[in-house]
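For reference, the structure is listed below as C-alpha cells.
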Amino acid sequence: MPRISAVDVVDVRFPVTVAEPGGMSCAVYVVLHTDTALSGHGLSFPTRAEAAACVDAARYIAGLLVGLDVDGLAGSLGHTYRRLVGDNRSGADADVGRYGATAVLNAVWDLMARFARKPLWRLLSEMAPTDLVAACDFRDQSGVLAEHDAVEMLEWLAPTRQERIRHLARVGYPAYTTAPARLGLSDNELRRWCRDAVTDGWHSIKVEVGRSFDRNKRRLAMARDELGPDGTLLLEANGVWEVPEAIAHLSELAQFGPLRVERPTRPEDIAGHATIRTAVAPVAVTAGEQCRDALAVKRMLDAGALDYLQVDACRSLSVNEIVPVLLIAARSGVAVSYRGGGAGLCGPVQHLAMLDFICISGSLIGRLIEHVDVSQQHFSNPPIVQPAWYRLPAGPGYGARMRTESLVTYRYPDGTYWAGAGSRGR
Numbered sequence: 001m002p003r004i005s006a007v008d009v010v011d012v013r014f015p016v017t018v019a020e021p022g023g024m025s026c027a028v029y030v031v032l033h034t035d036t037a038l039s040g041h042g043l044s045f046p047t048r049a050e051a052a053a054c055v056d057a058a059r060y061i062a063g064l065l066v067g068l069d070v071d072g073l074a075g076s077l078g079h080t081y082r083r084l085v086g087d088n089r090s091g092a093d094a095d096v097g098r099y100g101a102t103a104v105l106n107a108v109w110d111l112m113a114r115f116a117r118k119p120l121w122r123l124l125s126e127m128a129p130t131d132l133v134a135a136c137d138f139r140d141q142s143g144v145l146a147e148h149d150a151v152e153m154l155e156w157l158a159p160t161r162q163e164r165i166r167h168l169a170r171v172g173y174p175a176y177t178t179a180p181a182r183l184g185l186s187d188n189e190l191r192r193w194c195r196d197a198v199t200d201g202w203h204s205i206k207v208e209v210g211r212s213f214d215r216n217k218r219r220l221a222m223a224r225d226e227l228g229p230d231g232t233l234l235l236e237a238n239g240v241w242e243v244p245e246a247i248a249h250l251s252e253l254a255q256f257g258p259l260r261v262e263r264p265t266r267p268e269d270i271a272g273h274a275t276i277r278t279a280v281a282p283v284a285v286t287a288g289e290q291c292r293d294a295l296a297v298k299r300m301l302d303a304g305a306l307d308y309l310q311v312d313a314c315r316s317l318s319v320n321e322i323v324p325v326l327l328i329a330a331r332s333g334v335a336v337s338y339r340g341g342g343a344g345l346c347g348p349v350q351h352l353a354m355l356d357f358i359c360i361s362g363s364l365i366g367r368l369i370e371h372v373d374v375s376q377q378h379f380s381n382p383p384i385v386q387p388a389w390y391r392l393p394a395g396p397g398y399g400a401r402m403r404t405e406s407l408v409t410y411r412y413p414d415g416t417y418w419a420g421a422g423s424r425g426r
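For what it's worth, UniProt numbering labels the leading residue of the sequence shown as 1, then goes sequentially.
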C-alpha cells in the first residue's frame, strides 16, 4: 500500500501583463509524493506579499503527512483535517497558515481521488452521506448546521444523483467568461473581446467596473451592444466603492441590465452589502468568497447581505470547509457562484460545482462557473469548456496538477522566466 514519502512545496508566480504590466499571479503549489508513482497536487493563491511565508507554512504542514499510509488516510480524512489545521505551530488560524493549509488539503483530496482513480466530484458523490459529513468541519457550527441535518440533506438527494450526473454528461454545467472583463483593456479592446466571446458562443460575460461614472457607462453600453438584449451581463467591482458610491454607480448602470455585481464594497462590510442590496435591486449582489466557514456565511445570509454566494476553492480550507458552506447555502435557498480567476483555479472549482448540483442543491438555477483562459495551459488536465458549458471532468484528481515545464519556467525566484527577468526589466 502506498505511503506518503516526500513533499514538494513550490512558490509559483505567473506573469500578468494584460491589466497589470509587470505584475504576477502567485500560487503555493504542493505535491505529496508516495513511494509509488501516485502523487497528489494542490494549490492556493496568496498575495504577493504573503507568498514566501505561505510556502514555508505549507512546507511545515505537509511535513506532518510524511510516512502516512494512503489507504489509512482515505479512511480518516476528518481526523487528518483536524490534525493539520489544529496544530498551533502551523498558524492555520492566520491568513498565512490558512493559505498554506489550503494548498496541502487540496493536495490531500487530489491524492485521494487519484488513489481511487476517479475525478474528485465522483469520489465525493459516491461517498456515503455520513462519511462525507465526517470528513468535513462542523466544529462550532451547531447553531448553523448540525451534522445530522447535513446528513439528512445529502440523503434526501441521494436517490436521484444519477439523473443529475447524466444531465451533466449530456449538457454540462453553465459558465460565464471573464476574458472581456479586465479594466486595463481599452474601450476598443473591450468591444473586440466581447464580440469575440459572443462569436465563440458565450452568452454570459463579466465586465469590471471602476470609479469613473462615464467610463463605466461607456464600457457597459459596448458590452450590452455586443451581447444583445438577451445576454447575461455580470459586473465585478473588486470592492472599490464605498456604500453610497456603490449605490450611485449601480443605480445608473442598471439601465444596461446587469444580472448581478460582485464585491460592490469592502468584503468585510456585511452591513454595507446589505444596504447596497436593498438599494439597487433588482441588480443582485454577489459576495462571500472571503467567508472562511459556514458560520461566516450564515452571518452574511442573516444580515441579508447577498443574493448569490461566491465560493473560492483555494481560499477556504478545501473540501472540508467548502461542503458545509454549500450545504448552508442550499438550505437557505441561495445560489452559489464559483470564482475561477486564479491561475489554474478553474480546474478545482468545477468539481465543487458538480458536487453541489449532484449531491447538495440539486439545482442549476442561477449557478455559473467562471471561466478564465489565462494560465490553463500550465496544467496537465485543464477543464474542457465548450463555450457556455463546462464538460463533466473525466480524469482522476482535483484538476490542479501542473506541467513540469511550467514549474521549471515559473517557480520563483529561480525559474527560467524569473531568472531572466532582470535582463528584461522585471
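All C-beta atoms in this analysis are idealised placements derived from N, C-alpha and C, irrespective of residue type, glycine included.
| Inter-residue spacing [alpha-carbon to alpha-carbon] between residue 368 and residue 393 | Straight through space, the alpha carbons of residue 393 and residue 368 are spaced by roughly 16 Å.
| field | residue 40: first and last residue of the uninterrupted beta strand (DSSP E) it sits in | value | From DSSP, the beta strand (DSSP E) with residue 40 extends over 39-44.
| query | Would you call the CB atoms of residue 281 and residue 264 closer than 9 Å? | reply | No.
| Nearest-angstrom Cα separation, counted from residue 228 out to residue 375 | In this model, residue 375 and residue 228 are separated by some 29 Å (Cα to Cα).
| Quick one: is residue 39 buried, meaning 16 or more other Cβ sit within 10 Å of its Cβ, or exposed? | Residue 39 comes out buried.
| With burial defined as no fewer than 16 other Cβ atoms inside 10 Å of the residue's Cβ, what is the status of residue 160: buried or exposed? | Exposed, since its Cβ has fewer than 16 Cβ neighbours within 10 Å.
| said: For a quick check, are the C-beta atoms of residue 26 and residue 154 less than 9 Å apart? | reply: Not a contact, by the Cβ cut-off of 9 Å.
| said: In this structure, how does DSSP classify residue 79 when only helix, strand and coil are distinguished? | reply: Three-state DSSP puts residue 79 in a helix.
| Continuous beta strand (DSSP E) assignments of at least 3 residues falling wholly in the segment 276-316 | Every beta strand (DSSP E) of 3 residues or more that sits fully in the segment 276-316 is shown, in chain order, as 284-287 and 308-311.
| query | In chain order, what residues of the same chain lie with their CB nearer than 6 Å to the CB of residue 309, ignoring the 5 residues before and after it? | reply | Within the same chain, 288, 329, 334 and 336 come within 6 Å of residue 309 by CB-CB distance, once the 5 residues on both sides are set aside.
| said: What does the alpha-carbon distance come out to for the pair residue 63 and residue 100? | reply: So the two alpha carbons sit approximately 12 Å from each other.
| field | residue 185 versus residue 36: straight-line alpha-carbon distance, rounded | value | Computed Cα separation, rounded: 47 Å.
| said: Does residue 172 pass the burial test, meaning 16 or more other C-beta atoms within 10 Å, or should it be called exposed? | reply: When all chains shown are included, residue 172 counts as buried.
| request: Can you give me the start and stop residues for the beta strand (DSSP E) that residue 113 sits inside? | output: From DSSP, residue 113 is part of no beta strand (DSSP E) but of the alpha helix (DSSP H) over 95-116.
| request: Please classify residue 365: is it buried, with 16 or more other beta-carbons within 10 angstroms of its beta-carbon, or exposed? | output: Around the beta carbon of residue 365, fewer than 16 other beta carbons sit within 10 angstroms, so the residue counts as exposed.
| Is it right to say residue 28 is buried, meaning 16 or more other beta carbons lie within 10 angstroms of its own, or is it exposed? | Counting C-beta atoms within 10 angstroms of its own C-beta, residue 28 has 16 or more neighbours from the protein chains shown and is therefore classed as buried.
| task | Quick one: give me the first and last residue of the beta strand (DSSP E) that residue 175 is part of. | result | Unbroken beta strand (DSSP E) run through residue 175: 173-177.
| Three-pair Cβ contact test at 8 Å for the segment 396-404 versus the segment 110-123 | Because the criterion of three Cβ pairs below 8 Å is met, the segment 396-404 and the segment 110-123 touch.
| request: Mind checking which residues open and close the beta strand (DSSP E) that includes residue 337? | output: From DSSP, the beta strand (DSSP E) with residue 337 extends over 335-338.
| For residue 21, which residues of its own chain have a beta-carbon under 7 Å away from its beta-carbon, when the five flanking residues on both sides are left out? | Annotation note: pLDDT 48 at residue 21 (below 50); position unreliable, no value reported.
| Alpha carbon of residue 128 to alpha carbon of residue 78, nearest angstrom | Distance between the alpha carbons of residue 128 and residue 78: 14 Å.
| message | Counting C-beta neighbours from all protein chains within 10 Å, is the total for residue 316 16 or more, i.e. buried, or is it exposed? | response | The residue in question, residue 316, is buried, as its Cβ has 16 or more Cβ neighbours within 10 Å.
| field | residue 340 to residue 314 span [Cα, whole Å] | value | Residue 340 and residue 314 have their C-alpha atoms some 10 Å from each other.
| field | Element boundaries [alpha helix (DSSP H), containing residue 249] | value | 243-253 is the span of the alpha helix (DSSP H), which, as asked, contains residue 249.
| Looking at C-alpha atoms only, which residue of 294, 352 and 14 is the closest neighbour of residue 139? | Taking only the C-alpha atoms, the option nearest residue 139 is 294.
| task | Measuring alpha carbon to alpha carbon, tell me which of 320, 311, 332 and 46 ends up nearest residue 303. | result | Of the listed residues, the one whose Cα sits closest to residue 303 is 332.
| message | Quick check on the burial criterion: 16 or more other C-beta atoms within 10 angstroms. Buried or exposed for residue 66? | response | Residue 66 counts as exposed, since fewer than 16 other beta carbons sit within 10 angstroms of its beta carbon.
| message | Beta-carbon within less than 8 Å of residue 89's beta-carbon, same chain only, minus the 5 sequence neighbours each way: which residues are those? | response | Low per-residue confidence applies at residue 89: pLDDT is 42, beneath 50, and the placement is therefore not dependable, though the value from the model is reported in the following sentence. Apart from the 5 residues on each side of it in sequence, residue 89 sits with its Cβ closer than 8 Å to the Cβ of 60 in its chain, given in chain order.
| message | Comparing C-alpha positions only, which one of 409, 420 and 292 sits nearest to residue 12? | response | Residue 12 has its Cα closest to that of 409, out of 409, 420 and 292.
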